[in-house]
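The sequence shown begins at -11 in the working numbering and counts up one residue at a time.
Backbone N, C-alpha and C fix where the C-beta goes; we use that ideal spot for every residue, glycine too.
This report refers to the structure that appears directly beneath it.
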Amino acid sequence: MRADGSDDVAVGLLTMLLAVGVALLAAGYGRGVHELWARRGLGRILPAWRVAAFGTGLLCVLAAQDGPLAAAAERSFAGHMTQHMVLLLGAGPLLAAGAAGLPLTLACPPTPRRWLARLRAAGPMRWLRRPAVLAITAGGIQAVVLWFWHLPAPYLAAEQQPVLHAAEHACFLGSAWLLWAPLLGAPRHRLPVPVAMLLLIGTMLPASALGATLTFAPHPLYPVPVLGPDPLADQQLAGLLMWAPMDVAVLAATLTAFLRWLVGLQRQRPERVTCPESRSPLPARTGRVVP
């Protein structure tokens, strides 16, 4: 983000809000996990690997907003795309794998906790939590967010306005968290495997189309000031950084889900395959043989 001197105060305030937000989220999640493990036992209900995944996701959020990644985003479009991919393919899935719904609910005071329970039991929320509706909603939001913020006008506006830049990254993180929650979250909230596979493939296609558009465009689609020293090469590299990692991550997740589904079916309904060597000889037929 290329901010001038007049935006320094806004950048500082946004950085402070980010740190406070991450700290509150970590504290609430930690309190919920502590209460859950105190009731049910260490590692029960919420395994330790999920807690580690959530913590790593928060670190990814901080890494994407500051440090080398943020410095690279200042210099080139490809650096900015790397920042986006860390949020979309790193922080979002890791936070979703943390299954934060139950710990954050336990961390709430009793009154908000009752409000959340009533909201979850309401008719519209039950409808939204249906597998097909949830898949279409999550995939649609991810595609719209990805394309909208990579259109030239919104991207340029986000580069010039710190508040819009923060909103852009919040949209990427929120849409990725929403997309991966029914895929990597708590088992009781996961989508059926066929629906999850369709969701992954359906999400990959718009991202691949956007990456291909940036990669094969014959001229820069963005204003030269937001691109690197070689504008067209910078744009093509940014397209590849979106295209290849997104496709690899989605295909790997789809293949893993498919294989786990097959293993589950094998356990539920194992095939009865008899080796030729183990077959017992057929009993001899009695009676008159007709030539």
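- Between the alpha carbons of valine 238 and leucine 1 lies a gap of roughly 35 Å.
- In the structure shown, the three-state DSSP call for proline 150 is helix.
- Around tryptophan 137, the same chain offers Glu156 as residues with beta carbons nearer than 6 Å, after the five sequence neighbours per side are excluded.
- DSSP places alanine 120 in the helix class (H, G or I) of the three-state scheme.
- For serine 163, the three-state secondary structure derived from DSSP is helix.
- In the structure shown, aspartate 218 falls within a coil segment according to DSSP collapsed to helix, strand and coil.
- Annotation for proline 119: Pro170, Leu179, Pro180, Val183 place their beta carbon closer than 8 Å to its own, counting only its chain and skipping 5 residues before and after.
- Short of 7 Å from the beta carbon of alanine 226, and not among the five residues preceding or following it, lie these beta carbons of its own chain, in chain order: Phe65, Ala66, Met69, Leu202.
- Apart from the 5 residues on each side of it in sequence, proline 97 has no Cβ closer than 7 Å to any other Cβ in its chain.
- Nearest neighbour of serine 163 by Cα position, chosen from Leu253, Leu77, Trp37, Leu47, turns out to be Leu77.
- Contact check for tryptophan 168 against glycine 80 passes: the beta carbons are separated by less than 7 Å.
- Counting along the chain, the unbroken alpha helix (DSSP H) around glycine 67 starts and ends at 65 to 73.
- In the three-state scheme derived from DSSP, where H, G and I count as helix and E and B as strand, arginine 176 is classed as helix.
- Judged by DSSP secondary structure, cysteine 48 falls within the alpha helix (DSSP H) whose first and last residues are 36 to 53.
- Around the beta carbon of threonine 242, 16 or more other beta carbons sit within 10 angstroms, so the residue counts as buried.
- In this structure the segment 186 to 197 lies against the segment 123 to 139, because at least three pairs of beta carbons, one per stretch, are closer than 8 Å.
- If you draw a straight line from the Cα of alanine 110 to the Cα of arginine 102, it comes to about 12 Å.
- Between the C-alpha atoms of cysteine 159 and glutamate 147 there is a straight-line separation of about 15 Å.
- Alanine 87 carries a coil assignment under DSSP once its states are collapsed to helix, strand and coil.
- Across the set Ala26, Gly16, Ala85, Ala60, the C-alpha of Ala85 shows the shortest separation from the C-alpha of glycine 173.
- Here leucine 116 is exposed, its C-beta having fewer than 16 other C-beta atoms within 10 Å.
- Around the C-beta of aspartate 54, fewer than 16 other C-beta atoms lie within 10 Å, and the residue is accordingly described as exposed.
- Counting only the Cα atoms, leucine 57 lies some 17 Å from glutamine 223.
- Distance from the CA atom of leucine 47 to the CA atom of alanine 15, rounded to whole angstroms, is 14 Å.
- The beta carbons of leucine 198 and proline 208 sit no closer together than 7 Å.
- Selection Leu82, Leu90, Leu34, Phe246 evaluated against alanine 41 yields Leu82 as nearest (Cα-Cα).
- Tryptophan 165 and leucine 75 have their C-alpha atoms some 9 Å from each other.
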